[in-house]
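Each residue of the sequence shown is one higher than the one before, counting from 164 in this note's numbering.
Built from N, CA and C at the ideal position, the CB exists for glycine as well.
All figures in this text were calculated on a predicted structure; none of them were measured in a lab.
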Amino acid sequence: MRTASAVAGAAALLVASLASPGPARAGATVDLLFVAVNGAPIAATDTVTVHRQAGDLLTMALVMSNDEPLSAYSFSLEFDRSDVELEVVSAVQWLGIAVGARGADYRPIVDPCTAYRACQNSSPGSPGYWGIFNAVRDLGQGFVPPALPPGSYQVGTVTWRTRAAKADGEDVFAGLFLAGVDGVTDGDFELIDAETLFRSASVILNPEPGTALLLGTGLCALAAARRARRP
């Protein structure tokens with residue numbers, strides 16, 4: 164287990180690596196994609212339909228795609244900004260990858276819920292928060308390692324449980340919500356926050372087909388009864 168001083172040191176390194184503003188570049192995109200419902204795989208999508216208000220488990224992949232090398236990134240999640248539709252069951256980051264011929268690590272250095280701000284589920288009138296998801300070039304190996312090459316990477320996985328699903332628009336948001344910490348830097352450690360796109364995700368409630376059929380049958384019966392009472 165990391166000590167508090169180790170976490171503080173890692174956090175300082177992350178902040179330092181996100182400190183230099185830079186010119187406009189190609190940037191990066193973060194997508195929030197549902198990939199399973201109640202353990203059953205589905206085609207990756209940013210909008211998932213559930214058939215009951217509560218109790219469904221939704222697995223979400225956090226996918227970052229970068230058009231240029233990245234030295235570091237850090238972003239956070241918010242959800243249920245106006246209600247309590249979802250709660251977090253679990254959240255994990257990727258382990259990173261080895262980059263370059265010398266096998267340097269590009270990896271997370273701060274646990275999502277260890278530093279800066281406690282992870283929390285939402286309560287009425289207060290958004291839930293989960294973060295920070297992050298990774299940085301490992302500069303402690305005596306040489307400057309390569310940056311993260313352009314590509315698409317699943318940098319985290321979050322499992323949600325529905326609490327009061329409805330059809331009211333976006334429910335989960337990624338972004339640079341933690342001022343002074345969250346940010347994205349290119350291969351020269353220059354900030355490209357303005358060139359980074361964060362997409363949202365939605366959970367839509369659609370009643371069970373059987374429930375809808377029952378409702379339709381009831382309406383038909385009511386209409387038939389009214390016609391029968393006419394003289």
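Are there 16 or more other CB atoms within 10 angstroms of the CB of residue i, so buried, or fewer, so exposed?
| i | result |
| --- | --- |
| F254 | Here residue 254 is Ala; the residue named in the question, Phe, does not match the sequence. Buried: at least 16 other Cβ atoms inside 10 Å. |
| N201 | exposed |
| P204 | exposed |
| A310 | buried |
| L225 | buried |
| P184 | For P184, the predicted structure reports a pLDDT of 43, less than 50, and the residue's modelled location is therefore unreliable. A value from the coordinates is still provided. Looking at its Cβ environment, which holds fewer than 16 other Cβ atoms inside 10 Å, P184 is exposed. |
| A217 | exposed |
| D345 | buried |
| T210 | exposed |
| A187 | Model confidence at A187 stands at a pLDDT of 39, short of 50, so the residue's coordinates are unreliable; what they give is reported in the following sentence. Answer is exposed; the Cβ neighbour count stays below 16. |
| D331 | exposed |
| L258 | exposed |
| A327 | exposed |
| S234 | buried |
| A357 | exposed |
By Cβ distance, which residues of its chain are closer than 7 Å to residue i, with the 5 residues on each side in sequence left out?
| i | result |
| --- | --- |
| Q283 | G291 and Y292 |
| I260 | Y269 |
Residues bridged to residue i by DSSP?
| i | result |
| --- | --- |
| Q317 | V226 |
| A261 | D268 |
| S365 | T210 |
| A357 | According to DSSP, which records beta bridges pairwise, A357 is partnered with nothing at all. |
| Q283 | Y292 |
| V335 | F242 and A364 |
| R324 | L220 and E250 |
Assuming residue i and residue j form a contact by the criterion Cβ under 8 Å, report the distance between their Cβ atoms to the nearest whole angstrom.
| i | j | result |
| --- | --- | --- |
| L195 | V335 | 5 Å |
Just to confirm the assignment, what range does the beta strand (DSSP E) spanning residue i have?
| i | result |
| --- | --- |
| S234 | L233 to F242 |
| P204 | A203 to T208 |
| G346 | G346 to D349 |
| I295 | G291 to R300 |
| V198 | A191 to V200 |
| F352 | From DSSP, F352 is part of no beta strand (DSSP E); its letter is neither H nor E. |
| F340 | Where F340 is concerned, there is no enclosing beta strand (DSSP E), given that its DSSP letter is neither H nor E. |
| L249 | L249 to Q256 |
Among residues of its own chain, excluding the 5 on either side of residue i, which ones have a beta-carbon nearer than 6 Å to its beta-carbon?
| i | result |
| --- | --- |
| G338 | F361 |
| K329 | L368 |
| V198 | A207, T222 and A224 |
| R215 | none |
| I355 | R188, G190, V347 and D349 |
Please go through the same chain and pick out, in chain order, the residues whose beta-carbon is closer than 8 Å to the beta-carbon of residue i, but skip the five residues on each side of it.
| i | result |
| --- | --- |
| T322 | L220, L221, T222, M223, V251, V252, S253 and A254 |
| P232 | P309, A310, L311, P312, P313, D349 and G350 |
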